[in-house]
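Notes follow the structure.
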Amino acid sequence: MAATALPERRRPLGDRIRSAILPTFTGLVVVYLFLPIVVMAVFGFNDIEGRFNFTWQGFTLDHWASLFNRYPALNQALLNSLIVASISTLVATALGTLIGLALTRYEFRGRGPLNLLIFLPIATPEIVLGASLLALFVSVGVARDITTITIAHIMFNISFVVVTVRARIAGFDRALEEAAMDLGADELTTFRKVTFPLIFPGILAAGLLAFALSIDDFVITQFTAGQTTTFPLWVYGASRIGVPPQVNVMGTLIFLIALVGIVLWVALQRRDMTARPTTLER
Amino acid sequence: MPSWLRHHKGLVPYLFLVPGGLFLVLFFVIPLITAVSVALQEGSLGTGYRLTFNFAVFPEAIARWDEQLLRSLQYGLIVTVLTMLIGYPMAYTIAFRGGRYKNILLLFVIMPFFTSFIIRTISWKFILADQGFVLGTLKDIGILDAGFRLLATPVAVISGITYNFLPFVVLPLYVALERIDPRLIEAATDLYASRLQAFLRVTLPLSISGVFAASLLSFIPATGDYLNAELLGSRNETMIGNVIQRLYLVNNDYPQASALSLILMLGILVSVFVYRRILRGQELTV
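Taken in sequence, the protein lines are chains C and D.
Quick note on my numbering: the first sequence kicks off at 626 and runs consecutively.
Quick note on my numbering: the second sequence kicks off at 26 and runs consecutively.
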């Protein structure tokens, strides 16, 4: 800290250059991370005819205007993605939260095998998960459709939910629950009024993660989809003949929605964090 | 709480974990077992399959696809090293120099997740295209030779995978580095350690858990990836994922495909195990 205490201009040039290296590097990496997103957004405004969207032809808002009425199959694919993501998020968050609670708050036999059962799906490449599920569905003779996609998504989401929720529960003070019980609350009331509100941010974070993983999943979906298409599958299919600019527009739109969502969520959390301690202190 | 449960408190945790656990057994464990059994079958889609315990399928598959297996492992390792070289300094900067920009920088790191994995990869195809707006322009000015190309080369595939998994590396590294008390590093420099020594003997060892988690999060998906090789590569960059995908979804050669996916999984598990041993050894010597 001694170095930063000196006024900026008195420090030798070599030092200043050296201390600028890391921030500059980080800035460049941020640019690198943003580059494909910017390209996607810009080419959603490209005034092209047909689907050959590779060189800049001029500015237009046509693709934004015709977003939902140019490719009906794309709408259906997007709808499928939203359905699969919603259902798999709800189910996986419920199942995963219960496992997270069991793992952090109870002593029981079989903890080791359970931990392995949670860890292995995360440590297995997606293609192996997808291929194995396909092997099962083919062997049993189950037709692949939106149901099998949803089952697959619930499966890979459970582990991520458990890990996220567990991290949240592990960091919380059991004394708060004991205090509630000492003050005469029964177990259910304690859970409802103390435990659940405290772990809720963890559950919400797990749910958001599950939704994001599901709506973007390509590999496992490709193996379990049959003839059904989701948004990533449709884009993949389209990429063979040229991705229409409507896909860029939709990608930009999803990006903006996610961005607004996360900014709101951070703002809410910040308000929560400043509000909570004072109410507890009183 | 019903009274029978009150009398058997030990059952509560099992009630909590049975639904999810059962789901994982049904749709993770059983599929893996099915994959093993499918690998050991012989036959074809037309004539039907019979379980013949054909263990020869494993050495056969390795011999036939050894090039793609090795290439996947090689690309996986290169990507892991690259993501670490890019991700560690970035996570370090955010953790120690981020100040009030910490949260916004972290938001930047996860920003790529807000667009689809596949759209990002197609975007790269776009950026790297032979006559695209980058290479095309450079060629027009005369900086690059007209024959120069990035698309359909290992460089394109490896940088595509690196891009995709970089955020997965930065986050766990950040978490590990953020936990380090900066006073420990100050103490080291106060005791006349050079900056490099302080980094190598204090910061790095304290962040080794993050390094381990981060490299797994990069190595595992990178080795199994096939989308980048398909969209950004040519036939010379085919990875094992491409082979599995083609055997399964195009050729319907289920036994070979199952065998290969199991080999991939085993190969990754063994690498992870060896890697953990190496890192542990390192921890002990510091």
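We treat Cβ as the ideally placed atom computed from N, Cα and C, and that holds for glycine.
Taking only beta-carbon positions, decide if residue i is within less than 8 angstroms of chain D.
i: C/Gly-876; result: yes
i: C/Gln-701; result: no
i: C/Met-806; result: no
i: C/Trp-681; result: yes
i: C/Asp-687; result: no
i: C/Ser-864; result: yes
i: C/Leu-647; result: yes
i: C/Ile-921; result: A question about residue 921 of chain C goes unanswered here, because the residues of chain C that appear run from 626 up to 907.
i: C/Leu-884; result: yes
i: C/Met-626; result: For C/Met-626, the predicted structure reports a pLDDT of 43, less than 50, and the residue's modelled location is therefore unreliable. The matter cannot be settled from this model.
i: C/Ile-783; result: yes
i: C/Thr-726; result: One detail in the question is off: residue 726 of chain C reads as Leu in this sequence, not Thr. At least one chain D Cβ lies under 8 angstroms of C/Leu-726.
Beta strand (DSSP E) containing residue i: first to last residue?
i: D/Gly-68; result: 66–69
i: D/Tyr-74; result: 73–76
Quick one: give me the first and last residue of the alpha helix (DSSP H) that residue i is part of.
i: D/Tyr-188; result: 179–203
i: D/Gly-45; result: 37–49
i: D/Gln-222; result: 220–223
i: C/Met-780; result: 771–795
i: C/His-688; result: 687–690
i: C/Gln-682; result: Taken as a continuous stretch (DSSP letters only), C/Gln-682 belongs to no alpha helix (DSSP H), as it is neither H nor E.
i: D/Ile-166; result: 160–166
i: C/Asn-705; result: 697–730
i: C/Val-654; result: 638–667
i: D/Met-136; result: Looking at the DSSP string, D/Met-136 is not in any alpha helix (DSSP H), and its letter there is neither H nor E.
i: C/Val-767; result: First-last for C/Val-767: undefined, no H or E at that position.
i: D/Asp-215; result: 207–215
i: D/Trp-149; result: 142–153
i: D/Ala-120; result: That residue, D/Ala-120, is in no alpha helix (DSSP H); it is neither H nor E in DSSP.
i: C/Tyr-861; result: 856–864
i: D/Asn-267; result: 265–274
Could one say the Cβ of residue i lies closer than 8 angstroms to chain C's Cβ atoms, at least one of them?
i: D/Thr-178; result: no
i: D/Phe-124; result: Rather than Phe, the amino acid found at residue 124 of chain D in this sequence is Gly. No, no contact with chain C.
i: D/Ser-153; result: Note on residue identity: the sequence assigns Leu, not Ser, to residue 153 of chain D. Chain C, which has no Cβ nearer than 8 angstroms to the Cβ of D/Leu-153, makes this no.
i: D/Ile-303; result: no
i: D/Pro-137; result: yes
i: D/Val-104; result: no
i: D/Gln-93; result: no
i: D/Phe-41; result: yes
i: D/Ser-283; result: yes
i: D/Ile-293; result: yes
i: D/Asn-128; result: yes
i: D/Thr-263; result: no
i: D/Thr-118; result: yes
Can the beta-carbon of residue i be found less than 8 angstroms from the beta-carbon of residue j?
i: C/Phe-693; j: C/Asn-873; result: no
i: C/Ile-845; j: C/Ala-777; result: yes
i: C/Ala-835; j: C/Thr-729; result: no
i: D/Ile-245; j: C/Pro-750; result: yes
i: D/Tyr-273; j: C/Leu-759; result: yes
i: D/Val-384; j: C/Leu-658; result: The question about residue 384 of chain D has no answer here: the residues shown for chain D are numbered 26 through 311.
i: C/Val-790; j: C/Glu-802; result: no
i: D/Pro-197; j: D/Gly-235; result: yes
i: D/Leu-49; j: C/Pro-738; result: no
i: C/Ile-662; j: D/Thr-105; result: no
Starting from residue i, find everything on chain D with Cβ-Cβ shorter than 9 angstroms and list it in chain order.
i: C/Asp-640; result: In chain order: nothing, as chain D lies at least about 11 angstroms away.
i: C/Trp-578; result: Outside the modelled stretch of chain C, which goes from 626 to 907, sits residue 578 of chain C, for which no answer is possible.
i: C/Thr-718; result: Under the 9 angstroms cutoff, chain D gives no residues; its nearest Cβ is about 10 angstroms from C/Thr-718.
i: C/Leu-658; result: Phe-133, Val-134, Met-136, Pro-137, Tyr-188, Leu-191 and Pro-192
i: C/Leu-741; result: Ordered by position in chain D, no residue passes the 9 angstroms Cβ test against C/Leu-741, which lies about 10 angstroms from the chain.
So which residues of chain D does residue i contact, with C-beta pairs closer than 8 angstroms?
i: C/Ser-764; result: Thr-59, Ser-62 and Val-63
i: C/Gly-721; result: Gly-45
i: C/Tyr-696; result: Per Cβ cutoff of 8 angstroms: no residues; C/Tyr-696 is ~15 angstroms from chain D at best.
i: C/Phe-836; result: Near C/Phe-836 there are no residues of chain D at all, since even the closest Cβ is about 11 angstroms away, more than 8 angstroms.
i: C/Glu-751; result: Pro-246 and Gly-249
How would you list, in chain order, the residues of chain C whose beta-carbon sits under 7 angstroms from the beta-carbon of residue i?
i: D/Trp-149; result: Pro-661
Along chain C, which residues have their Cβ under 8 angstroms away from the Cβ of residue i?
i: D/Phe-52; result: Leu-758, Leu-761, Ile-776, Ala-777, Ile-779 and Met-780
i: D/Gly-235; result: Ordered by position in chain C, no residue passes the 8 angstroms Cβ test against D/Gly-235, which lies about 14 angstroms from the chain.
Segment contact, 8 angstroms Cβ cut-off, at least three pairs: the region 132–151 of chain D with the region 282–299 of chain D: Segments in contact, no.
Meets three-Cβ-pair contact criterion under 8 angstroms: the region 87–94 of chain D and the region 163–183 of chain D: The way I'd put it, the region 87–94 of chain D doesn't touch the region 163–183 of chain D; fewer than three beta-carbon pairs between them come closer than 8 angstroms.
The region 95–104 of chain D contacting the region 259–266 of chain D, beta-carbon criterion three pairs below 8 angstroms: The region 95–104 of chain D is in contact with the region 259–266 of chain D.
Cβ pair count under 8 angstroms reaching 3, the region 707–727 of chain C against the region 41–49 of chain D: In this structure the region 707–727 of chain C touches the region 41–49 of chain D; the number of beta carbon pairs closer than 8 angstroms is three or more.
Stretch pair the region 640–656 of chain C + the region 112–124 of chain D: three plus CB contacts closer than 8 angstroms: Yes, they touch.
Touching by the beta-carbon criterion (3+ pairs, under 8 angstroms), the region 690–710 of chain C and the region 769–787 of chain C: Taking 8 angstroms as the limit for Cβ pairs, the verdict is that the region 769–787 of chain C does touch the region 690–710 of chain C.
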